[in-house]
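Quick note, the sequence shown lines up with residues 1 to 239 if you use the UniProt record's numbering. A virtual CB, placed ideally from N, CA and C, is assigned to each residue, including glycine. On a predicted model such as this, the values are computed, not experimentally measured, just so you know.
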Amino acid sequence: MIILKMNDIAHNLAQVRDKISAAAAQCGRAPEEVTLLAVSKTKPVSAVEEAIAAGQRAFGENYVQEGVEKIRHFQQAGATGLQWHFIGPLQSNKSRLVAEHFDWCHTVDRLRIASRLSEQRPADMAPLNVLIQVNISDEDSKSGIPPEAVDELAAEVAALPGLVLRGLMAIPAPESEYVRQFAVAQRMAVAFGRLKAQYATVDTLSLGMSDDMEAAIAAGSTMVRIGTAIFGARDYTKQ
């Protein structure tokens, strides 16, 4: 297993930010329009600390308990200004932990989960920012709703007092060709644009990872989720 040396994470972050800036410039967008979400799942607190020292503030976690432990660690350490995004599949029995600790949930795909998150969000916390997950590639193995179901679920989510509807998220099927990546991303951008026209709170399209980031940004993504390129290869044996 590769162990990153000190400052490697800072170096990697700088490289990823440069790629985001270049991709944005290529399509006439400002780099500030694209938020970098550092996916820190399976990574130790020490790696997150290095990323924070390098200026990173938004982190994505796929596993509820692991994410909560990191959030609590940094709260106890007095860290401020951090944003924690839950980006993994969410089971009903874990919804309370997400509602009580995270700032964002990217994977809302049914009313039951949205309702639980709203009910379980503590009254002394700001409403939970949520994204509706869209299964844009129609994969049986992926969570998310079909694009044609977005309007109905969006209306239901927008009415829940403990949540703020911020937009859409998708994990497209892997495509090696840029043209195909862009075509899928463009379909998400169309759905996002339609939603944005209906709700004043909608401003986020979470789309694009290491292999398809450029196509996603060209299509209009406002948030890319990058993990391995920042933190190195993951060790899943601990999960």
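| request: Take the Cβ of residue 105 as the centre, count every other Cβ of all protein chains shown within 10 Å, and call the residue buried at 16 or more, exposed below. | output: buried
| message | Checking the sheet assignment: what are the DSSP bridge partners for residue 132? | response | 108, 168
| message | I need the DSSP call for residue 75, collapsed to helix, strand or coil. | response | helix
| message | Quick check on residue 176: buried or exposed, where buried means 16 or more other Cβ atoms within 10 Å of its Cβ? | response | exposed
| request: Leaving out five residues on either side along the sequence, give the residues of the same chain with a beta carbon under 8 angstroms from the beta carbon of residue 37. | output: 58, 59, 60, 85, 87, 206, 223, 224, 225, 226
| Straight-line CA distance for residue 75 to residue 210? | 29 angstroms
| task | Taking the CB atoms as reference points, tell me whether residue 90 and residue 107 lie closer together than 8 angstroms. | result | yes
| request: Pull up the distance between the alpha-carbon of residue 192 and that of residue 168, whole angstroms please. | output: 6 angstroms
| said: residue 109 and residue 52 - do their beta-carbons sit closer together than 8 angstroms? | reply: no
| query | Quick one: is residue 214 buried, meaning 16 or more other Cβ sit within 10 Å of its Cβ, or exposed? | reply | buried
| query | Where does residue 80 land, buried or exposed, given buried means 16+ other C-beta within 10 angstroms? | reply | exposed
| query | How big is the Cα-Cα spacing for residue 64 and residue 103? | reply | 13 angstroms
| query | Within this structure, are the beta carbons of residue 166 and residue 131 separated by less than 8 angstroms? | reply | yes
| query | Applying the criterion that 16 or more other CB atoms from any shown protein chain within 10 Å of the CB defines a buried residue, is residue 133 buried or exposed? | reply | buried
| Residue burial classification, residue 101 (beta-carbon count within 10 angstroms, cutoff 16) | buried
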